[in-house]
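Heads up, the thing below is written out as structure tokens.
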Amino acid sequence: MRKQYLIITGIVILLLTGCHRTRPQAPSNKHIETDSAAVEMMMLNYHLAEAADADLVRYIKNAIDTLSAGQSQLPYTLSQWGFWYKTLQKTDRPRLTNGQTVNISMQIYTLSGTLVLDTEETVEIGKRQVLMAVEQMLPMMREKEQAEVLSPWYLGYGSTETENVPPYTNLQILIEVL
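Sequence positions in the sequence shown follow our numbering and run 25 to 202.
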């Protein structure tokens with residue numbers, strides 16, 4: 025009886041220790057290929073975005089220098105999306121909301137002052153029918169308000185060239201909600 029007990033105990037111990045799965049290992053033998061052209065393009069766009077932001081800051085510093093000595097407030101506010109804005113005409117009407125259809129008037133200039141677009145459009149907020157900077161500015165506006173937006177190229181026309189706008193162009197956008 026004791027012999028059978030020892031044999032069964034031995035078999036159980038062998039089964040418990042010998043029949044377990046090996047734990048998965050990290051794939052240390054797999055080589056992760058990096059697309060060097062994609063990495064270089066990403067770094068180029070990163071540096072161009074930094075340069076665009078620096079251009080906008082220089083533009084704003086020039087605007088501060090032209091302020092009268094009595095004004096201590098910055099003429100523009102930096103949004104969480106990366107563009108600068110100021111409200112030119114305020115109203116007490118309700119704020120615009122996503123899904124709302126509004127008529128807007130836009131004048132788009134390069135930072136050097138060249139007019140590239142003067143248009144009136146009917147847009148539905150949140151449907152990406154206008155430049156990203158304008159799309160993000162509209163919910164911060166109210167009916168009958170006017171605002172000025174300084175947009176870096178990556179929130180404007182981006183790296184694509186349009187009829188009047190070269191690629192990587194920072195923009196000054198005047199928006200009026202009609």
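From the three backbone atoms N, C-alpha and C, an ideal C-beta is built for every residue, glycine too.
Q: Express the C-alpha separation of residue 150 and residue 170 in angstroms, rounding to a whole number.
A: For residue 170 and residue 150, the gap between their C-alpha atoms comes out near 19 angstroms.
(Q) Can you check which of these residues, 187, 99, 116, 185, is closest to residue 110 by C-alpha distance? (A) 99
Q: Please name the residue, chosen from 201, 29, 32, that lies closest to residue 124 on a Cα-to-Cα basis.
A: 201
(Q) Which same chain residues end up closer than 7 angstroms to residue 142 when comparing Cβ atoms and leaving out the 5 residues on each side of it in sequence? (A) The answer, listed in chain order, is 131.
Q) From this set, 140, 173, 64, 197, which residue's C-alpha is nearest residue 186's C-alpha? A) 140
Q: With DSSP as the reference, label residue 116 as helix, strand or coil.
A: In the structure shown, residue 116 sits in coil (DSSP, three-state: anything other than H, G, I, E or B).
Q. By the 10 Å Cβ neighbour count, where 16 or more other Cβ atoms means buried, how is residue 137 classified, buried or exposed?
A. exposed
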